[in-house]
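The structure under discussion appears below in the form of structure tokens.
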Amino acid sequence: HNLLAWFIVALLLRYSISPMVIVAFPMLALVIVALLPISLIVGAVCTRFRDLPVIVTLGVQLFFFITPISWKASQLKGHSIWVVRYNPFVYLIDAVRRPLLGSGPTLHGTVVCLVIAAIGWIIAVPVQGHARRHLVYWL
């Protein structure tokens with residue numbers, strides 16, 4: 031529903047919508063495919079270990095602050111640039127943000143998103159297979 035709000039605001043502000051915006055839809059699908067296994071893994075592990083949801087909440091908040099969402103990556107200088115370079119969420123956010131801003135997604139960013147999705151699914155399938163058999167005992 032947030033993407034719909036973006037289009038409404040863009041129309042109200044008479045923002046010229048680039049044809050590149052169409053690319054945002056398959057990139058959004060790629061981000062969903064990359065994040066779904068992460069949610070399956072975290073859900074299974076948090077079901078097994080009841081103390082982990084608090085740690086996961088803190089981790090998500092930490093990643094929010096070290097991901098350039100409310101600040102620009104260009105503000106970092108010198109040795110601190112690694113915060114952006116090795117943060118996987120930067121690539122997932124840029125995959126959708128860049129087409130919405132009128133520029134295309136980078137090849138490097140798309141490949142990183144595909145690698146995140148592949149690794150996530152490779153880990154999530156066996157974790158879900160194990161969790162499905164034991165879920166009744168964990169609850």
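If you want this note's numbering, it's the position in the sequence shown, counting the first as 1, plus 30.
C-beta: ideal position from N, C-alpha, C; glycine also.
Check: Closer than 9 angstroms to chain B by CB, Arg162; Outcome: Going by chain labels, chain B is absent from the structure shown, which holds only one protein chain.
Check: Range of the contiguous alpha helix (DSSP H) that encloses Ile68; Outcome: 54 to 78
Check: Endpoints, the alpha helix (DSSP H) within which Arg127 is located; Outcome: 118 to 130
Check: Tyr45, enclosing alpha helix (DSSP H) - first and last residue; Outcome: Here Tyr45 belongs to no alpha helix (DSSP H), and DSSP marks it neither H nor E.
Check: CA-to-CA distance, Ala125 to Leu137, given in whole angstroms; Outcome: 10 angstroms
Check: Distance between Val141 and Leu130 (C-alpha atoms, nearest Å); Outcome: 19 angstroms
Check: 7 angstroms Cβ shell around Val72 - same chain, five flanking residues per side excluded; Outcome: Val86
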